[in-house]
Amino acid sequence: MTGIKQSIEERIDRLQTGGIIDMHFDLPMDLYEKRQRRDVLETEFSSEFEAGNVSVVGAAIYIEDRYLPQNGLRVALDQIARLYAETAASERFVICKSFSEIQSARETGKLAFLITMEGIEPLGTDLNQLRVFYELGVRAIGLTHARTNSAGHGGVFAASGSSAEGLTPFGREVVRECEALGIIIDLAHINPAGFEEILSITTRSPIVSHTNVRRYYDIERNISDEQIKMIGVRRGVIGVNSILVSLREEESTLDHYIDHIEHIAGLIGIDAVGIGFDFFEFIYRQWPESRQKELAAKLTTPHFIPDLRNHSHARNLTRKLIERGFRDEQIEKILRGNWIRIFREWL
Ligand SMILES: [Zn+2]
16 MTGIKQSIEE RIDRLQTGGI IDMHFDLPMD LYEKRQRRDV LETEFSSEFE
66 AGNVSVVGAA IYIEDRYLPQ NGLRVALDQI ARLYAETAAS ERFVICKSFS
116 EIQSARETGK LAFLITMEGI EPLGTDLNQL RVFYELGVRA IGLTHARTNS
166 AGHGGVFAAS GSSAEGLTPF GREVVRECEA LGIIIDLAHI NPAGFEEILS
216 ITTRSPIVSH TNVRRYYDIE RNISDEQIKM IGVRRGVIGV NSILVSLREE
266 ESTLDHYIDH IEHIAGLIGI DAVGIGFDFF EFIYRQWPES RQKELAAKLT
316 TPHFIPDLRN HSHARNLTRK LIERGFRDEQ IEKILRGNWI RIFREWL
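Numbering (the working numbering), first residue to last: 16 to 362.
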């Protein structure tokens, strides 16, 4: 290895050491689908987490259409149950409910899961359930996925056509109660009207856990420059998604992922940029072709970035940030520092 190469590798090592924080991963639904098996975390995920120095993961409860409406609550509880059982079976993982628990997990080298909820379907229309999920450890909530539910409307996977309506009265109650309890409010997926309304009725720093910018992928599920600026004014953090980087497969590259980071940082500063990889290929490849086609018809065909497909590739991101001229303190903010600020404020 040449001297220059070696020093870049050392710089990557140093930057990775403090850990990578990914605020959106569809882990609980996968654990649920594999509920007849044991040690799934250990056998299928731990080596990738370790290779990528991943230290905190937002583990998102999500209920697929086929379980709704009858089984939303049941499946959500089962997803959480599987996450608890799997973490209890391993020394490497821990579910965290507070900032101090996250910090002590990081200090002891354990991977911290923060349970999040993508779409409030499990609550039905019962605000009391929110308290129950809080007690179980849910610490971030996005009101909707792409669907409409009892809280509001999701942003469509098209440049226009989302509902013009904001939140329902129940949606507003959920948002207020989240802020009162200390559940981070996540604006990922919500339609533009709902996005603005949530900001108008909250005071703490918002997050968009996993999204891309409309400048490069113009769908209402992503966020516009105006929305990015609204997040900036409120000192929020936006996690950059790896699967909606471009409508075109050939443009779905690690360099273009960095373009999304640069675009947000250019508009509102580096303090607003985090990671929400939304790695999905591990689920997608388990699906039969019919189901992949169904996703394409309902939403979109995801394009996976060749060298950013799973957590073991986090090091490639750090290398690319260095190549693109980011300074160490900027890279540290993107990889973890900005999310840690949000955890300190909320949890
Ligand atoms: Zn999502």
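A virtual CB, placed ideally from N, CA and C, is assigned to each residue, including glycine.
- For Leu-362 and Arg-154, the gap between their C-alpha atoms comes out near 8 Å.
- Here Gly-139 is not near His-160, since their CB atoms are 8 Å or more apart.
- At a Cβ-Cβ threshold of 8 Å, Gly-152 and Ile-110 count as neighbours.
- Taking the C-beta atoms as reference points, Leu-126 is found no nearer than 8 Å to Phe-172.
- Just so you know, the alpha carbons of Asn-237 and Asn-227 end up roughly 5 Å apart.
- Closest in alpha carbon position to Ala-203, among Arg-342, Ile-283, Ile-243, is Ile-243.
- In chain order, Ile-35 place their CB closer than 6 Å to the CB of Leu-350, counting only its own chain and leaving out the 5 sequence neighbours on each side.
- For Ser-175, the number of other beta carbons within 10 angstroms of its own is below 16, and it is reported as exposed.
- Tyr-149 is not a Cβ neighbour of Ile-76, given a cutoff of 8 Å.
- Taking 8 Å as the cut-off, the beta carbon of Ile-290 is found closer than this to the beta carbon of Val-255.
- For the 8 Å CB-CB criterion, Val-252 and Ile-357 form a contact.
- In the DSSP assignment, Phe-294 falls outside any alpha helix (DSSP H) and carries neither an H nor an E.
- The C-beta separation of Glu-235 from Gly-186 comes to about 17 Å, leaving the pair out of contact by the 8 Å criterion.
- Boundaries for Leu-56: no beta strand (DSSP E) harbours it, and the DSSP string shows neither H nor E there.
- For Ile-290, the enclosing beta strand (DSSP E) begins and ends at 288 to 290.
- Closest by C-alpha distance to Leu-142, out of Phe-108, Arg-121, Cys-193, is Cys-193.
- In chain order, Lys-125 place their CB closer than 8 Å to the CB of Glu-106, counting only its own chain and leaving out the 5 sequence neighbours on each side.
- Those residues placing their Cβ nearer than 7 Å to any heavy atom of ligand 1 are, following chain order, His-39, Glu-133, His-160, Ala-203, His-204, His-225, Asp-293.
- Following the DSSP letters along the chain, one finds Val-147 inside the alpha helix (DSSP H) bounded by residues 142 to 151.
- Beta-bridge pairing by DSSP links Gly-254 to Gly-289.
- When DSSP states are grouped into helix, strand and coil, Ile-78 belongs to the coil group.
- Here the alpha carbons of Ser-257 and Glu-25 stand approximately 25 Å from one another.
- For Ala-96, the closest C-alpha among the options Phe-40, Ala-312, Glu-180, Glu-48 is that of Glu-48.
- Excluding its 5 nearest sequence neighbours in each direction, Arg-250 has C-beta neighbours in its own chain below 6 Å: Ser-220, listed in chain order.
- In this structure Thr-316 is exposed. Its beta-carbon is surrounded by fewer than 16 other beta-carbon atoms within 10 angstroms.
- By the neighbour-count definition (other C-beta atoms within 10 Å, threshold 16), Arg-359 is an exposed residue.
- Less than 8 Å divides the Cβ of Val-189 from the Cβ of Ala-166.
- Taking the Cβ atoms as the reference, Ala-287 lies roughly 21 Å from Asn-206, outside the contact range of under 8 Å.
- For Ile-276, the enclosing alpha helix (DSSP H) has its first and last residue at 269 to 283.
- The DSSP-derived three-state label of His-204 is coil.
- The shortest C-alpha to C-alpha distance from Asn-325 to any of Val-90, Phe-341, Phe-294 is the one to Phe-294.
- The beta carbon of Glu-296 sits closer than 6 Å to the beta carbons of Phe-319, Arg-324 from its chain, once the five residues preceding and following it are set aside; these are given in chain order.
- Taking a contact as a CB-CB distance under 8 Å, the pair Arg-121 and Ser-70 counts as one, their CB atoms being some 5 Å apart.
- In the three-state scheme derived from DSSP, where H, G and I count as helix and E and B as strand, Ile-198 is classed as coil.
- Judged by DSSP in its simplified three-state form, Leu-332 adopts helix.
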